[in-house]
Amino acid sequence: MAGMRSGARSLRRHFGLLVAGVTALATSVGLVAAGEAEAAQGCRVDYSVASQWSGGFSANVSVTNLGDRVDGWRLVWTWPSGQQVTQAWNATVTSSGSQATATNVGYNAVIATGASVSFGFNASWAGTNTAPSSFALNGVTCNGGTTTTTTTTTTTTTTTTTTTSTNPVPGNAMEQVAAMQPGWNLGNSLDATGSDETSWGNPRITEALLDNVKAQGFKSIRIPVTWGQHQGGAPSYTIDSAYLNRVKEVVGWALADGFYVMINIHHDSWQWVNALPSDRTNVLARYNATWTQLASAFKDASPKLVLESVNEPQFAGVDDTRGDQLLHELNTSFRDIVRRSGGNNATRLLVLPSLHTSGDQARLDALAASMNGYNDPNLIATIHNYGYWPFSVNIAGGTRFDATAQKDLTDTFDRAYNTFIARGIPVILGEYGLLGFDRHTGTIEQGEKLKFFEYLGYYARTKKITTMLWDNGQHLGRTSFQWSDPELIAQIKSSWTTRSGTASSDQVFSAKSSAITAKSLTLNLNGTSFVGLSQGSAELVRGTDYTVSGDQLTLSSALITRLSGSRAYGTNAVLHARFSQGVPWRINLITYDTPVLSNATGTTSSFAIPTNFRGDLLATMEAKYADGANAGPQNWTSFKEFDRTFAPNYTSGTTTLTSDFFAEVNDNARVTLTFHYWSGARVTYYVTKSGSSVTGTTS
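Heads up, the sequence shown is in full-length UniProt numbering, so the first residue is 1 and it goes up one at a time.
Next comes the structure, spelled out in structure tokens:
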């Protein structure tokens with residue numbers, strides 16, 4: 001998104017070394033045996049620690065067979081410092097006291113003569129993290145050579161080899177990325193594609209803005225930058241010095257505030273980088289020239305400055321497999337240019353995206369394969385997430401954050417965790433939000449929106465993913481420094497550390513035309529416990545005003561009657577359910593009757609249905625032809641996209657059908673519209689387009 005536009009496979013990561021000039025734990029340990037010859041046996045084990053943090057580490061083990069073919073293997077070692085394996089890949093690892101045993105999985109059981117197999121694991125440690133001193137493969141201790149004896153008389157020798165990393169690590173990447181949580185995007189400013197940072201409607205960035213972002217509790221700030229309109233032509237593609245200095249100024253302010261700061265090549269991705277398949281020579285020259293200049297400009301900046309190769313990479317006219325290959329070329333060039341530039345860039349954290357910054361497994365596998373080949377411990381993987389698409393834009397009936405929308409989120413984060421984090425590679429969710437926010441934040445119903453952000457924050461935290469909220473000015477006011485939706489930011493902030501209770505809805509509807517009855521909501525406790533229910537500062541009485549049975553909260557008819565007063569249409573009272581932790585859950589008591597629509601005439605560019613909403617709220621709209629076929633845009637579904645094709649205006653009392661809707665409606669064909677309201681009410685309406693004229697009727 002980013003502004004105005006629109007099973008992990010078997011992965012053997014070749015781990016880099018932890019600190020420059022510090023020896024890696026690449027230990028070859030062996031035992032020589034003597035006795036009657038039976039079969040040639042021999043092996044070498046290389047063990048290395050890829051990354052280490054407080055209480056944990058990731059390691060890689062490579063086993064080379066120096067003897068006859070091995071068909072099924074079992075590697076045993078003893079932990080000298082009480083370490084315990086917590087997770088493994090490419091092998092099954094079990095523990096018994098201080099002894100650990102790794103056995104093959106189905107696809108790597110055979111080790112031919114001279115061949116190797118690798119596996120990795122995460123483990124815990126306390127006090128010290130001493131490397132194992134001996135490994136045995138299928139009962140024979142590995143000494144780096146071969147033997148043809150089977151006697152049990154043994155003598156032990158140990159040799160240790162050391163290597164030095166070409167990319168020394170100033171600090172642990174996992175720890176640094178964890179310290180970046182939570183993050184915020186300074187969107188639609190320096191990434192704007194107009195003449196300057198104000199061309200997309202936001203004011204100039206100020207120190208005061210960054211100070212206020214810091215005061216909100218954010219630890220990192222992503223500053224998207226679009227360079228294309230501030231560059232000269234070939235062959236140097238020189239970046240305008242005034243613009244570069246402005247970017248350096250803003251970056252300097254953010255670093256002075258203590259932020260981790262990320263800058264990138266942003267909307268250039270679709271302005272000119274996407275032409276790589278058809279204009280390879282020029283695009284590569286421009287991309288390389290851009291990063292050469294940026295690497296030079298920022299090589300001495302604080303290590304807390306992080307560089308991202310390109311935002312949401314995409315390539316015109318090729319499939320995703322080819323796109324993965326092209327992105328690998330760009331990421332490789334980016335990394336090489338930055339590392340060669342020296343200074344702090346030799347070890348600076350670098351962020352590499354998947355194609356489209358997608359969380360799909362194939363895209364993650366392609367990025368993982370690239371990172372595997374770089375042998376660079378200072379790399380971060382990044383993806384973006386704007387939720388399950390039908391929910392994110394309110395189309396195809398996706399009005400609720402239901403089990404399908406939740407699974408889409410958990411599956412994405414699980415894939416990122418298993419592909420990268422479980423293997424010691426940190427992940428940043430470089431942007432997150434809902435796509436409906438591009439139009440206005442009301443596209444998604446408030447309670448459903450809050451449930452999405454509560455769950456996203458919680459699940460990202462459990463998967464150790466650092467999150468960066470996308471904000472193009474629609475959330476934090478750039479000069480007022482006030483949040484446009486205080487409930488939303490309260491829920492987001494709460495999710496950084498804990499869970500909050502929610503409910504099946506934040507709306508309780510009572511029809512004015514009917515007698516008031518008790519109403520129930522299902523509580524989503526999310527690990528909390530229910531504490532109480534209040535109206536403002538007044539505590540409501542459990543057992544009289546309401547009851548709680550399991551996860552069912554029931555409001556008594558007496559309470560609703562008392563708080564509804566004269567029963568004017570709309571919200572009559574606001575309650576808050578409180579839980580043992582997190583933020584309270586707001587519940588609106590709403591009086592309504594079924595909305596009334598009226599006949600109308602207009603044009604395809606201006607058509608509004610007079611609507612007496614009578615306290616109700618519009619959830620979605622269906623459109624079908626008389627034969628039952630779906631009408632309007634995206635006709636794979638009868639449920640149209642909220643705001644894009646229709647929109648309620650509660651102030652003016654109208655429901656608008658947009659020109660986008662009529663552009664894909666058949667001429668002179670009657671369309672049946674079904675409006676679905678949050679109360680559960682449904683109202684049918686009919687429209688017919690004739691040329692540019694539109695007629696709407698209730699029957």
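Quick reminder that beta carbons are idealized off the backbone N, C-alpha and C, glycines included. Source: prediction; values computed, not measured.
Restricting attention to Gly653, Arg340 and Trp270, the CA atom closest to the CA of Thr292 is found in Arg340. Bridge partners of Val117 according to DSSP: Val63.
Approximately 14 Å separates the beta-carbon atoms of Ser133 and Val61; this is outside 8 Å, ruling out the contact. Separation of Trp636 and Leu434 (C-alpha to C-alpha, rounded to the nearest whole angstrom) is 22 Å. In this chain, the beta strand (DSSP E) harbouring Trp184 covers Gly183 to Asn185. A straight-line Cα-Cα distance of about 15 Å links Thr498 and Phe452. Excluding sequence positions up to five before and after His676, its CB lies within less than 6 Å of the CB of Ala619, Thr620 and Arg682, all in the same chain and listed in chain order.
Looking at the DSSP output, Thr672 sits in a beta bridge with Lys624 and Tyr686.
With a cut-off of 8 Å on Cβ pairs, the region 601-609 is not in contact with the region 579-592, counting fewer than three such pairs. Judged by their CB atoms, Ser58 and Gly127 are not nearer to each other than the 8 Å cut-off.
Runs of the beta strand (DSSP E) lying entirely within the region 377-464 and spanning at least 3 residues, in chain order: 379-385 and 427-432. Judged by DSSP in its simplified three-state form, Phe607 adopts strand. Linking Trp272 to Val351 through their CA atoms gives a straight-line distance of about 20 Å. DSSP, read as helix, strand or coil, puts Ile221 in strand. Using a Cβ distance threshold of 8 Å, Leu589 and Leu575 count as a contacting pair.
The bridge partners DSSP lists for His576 are Ser534 and Arg586. Between the region 419-434 and the region 468-483, the count of Cβ pairs shorter than 8 Å is three or higher; the stretches touch. Under the three-state reduction of DSSP, Ala503 is assigned to strand. Phe642 is positioned such that its CB atom lies closer than 8 Å to that of Asn394. Of the residues Gly565, Ala511 and Ser529, the one whose Cα lies closest to the Cα of Asp593 is Ala511. In the pairwise beta carbon analysis, the region 501-515 is classified as touching the region 443-459: at least three pairs are separated by under 8 Å. In this structure, the straight-line span from the alpha carbon of Leu488 to that of Leu559 is close to 28 Å. Partner residues in the beta bridge of Leu553, as assigned by DSSP, are Leu521 and Val548. If you draw a straight line from the Cα of Gly550 to the Cα of Ala631, it is about 44 Å long. Counted as a single uninterrupted DSSP element, the stretch harbouring Glu308 is not any alpha helix (DSSP H) but the beta strand (DSSP E) occupying residues Leu305 to Glu308. The beta carbon of Tyr417 is closer than 6 Å to those of Lys463 in its chain, skipping five residues each way along the sequence. The shortest C-alpha to C-alpha distance from Lys624 to any of Ala647, Phe662, Leu617 and Asn649 is the one to Phe662.
By the criterion of a C-beta distance shorter than 8 Å, Asn668 is surrounded in its chain by Thr688, Lys689 and Ser690, once the five residues flanking it on both sides are discounted. Comparing alpha-carbon positions, the option among Glu207, Ser189 and Asn245 lying closest to Pro224 turns out to be Ser189. Beta-bridge analysis with DSSP links Val596 to Asn612.
Under DSSP, Thr654 takes part in a beta bridge, and its partners are Pro610 and Asn649. For Phe135, the enclosing beta strand (DSSP E) stretches over residues Phe135 to Leu137. Counting the other Cβ atoms within 10 Å of the Cβ of Ala109 gives fewer than 16, which makes it exposed. In this structure His440 is exposed. Its beta-carbon is surrounded by fewer than 16 other beta-carbon atoms within 10 angstroms. Rounded to whole angstroms, the gap between the alpha carbons of Arg363 and Asp324 is 7 Å.
Between Val310 and Pro353, the gap from beta carbon to beta carbon is short of 8 Å.
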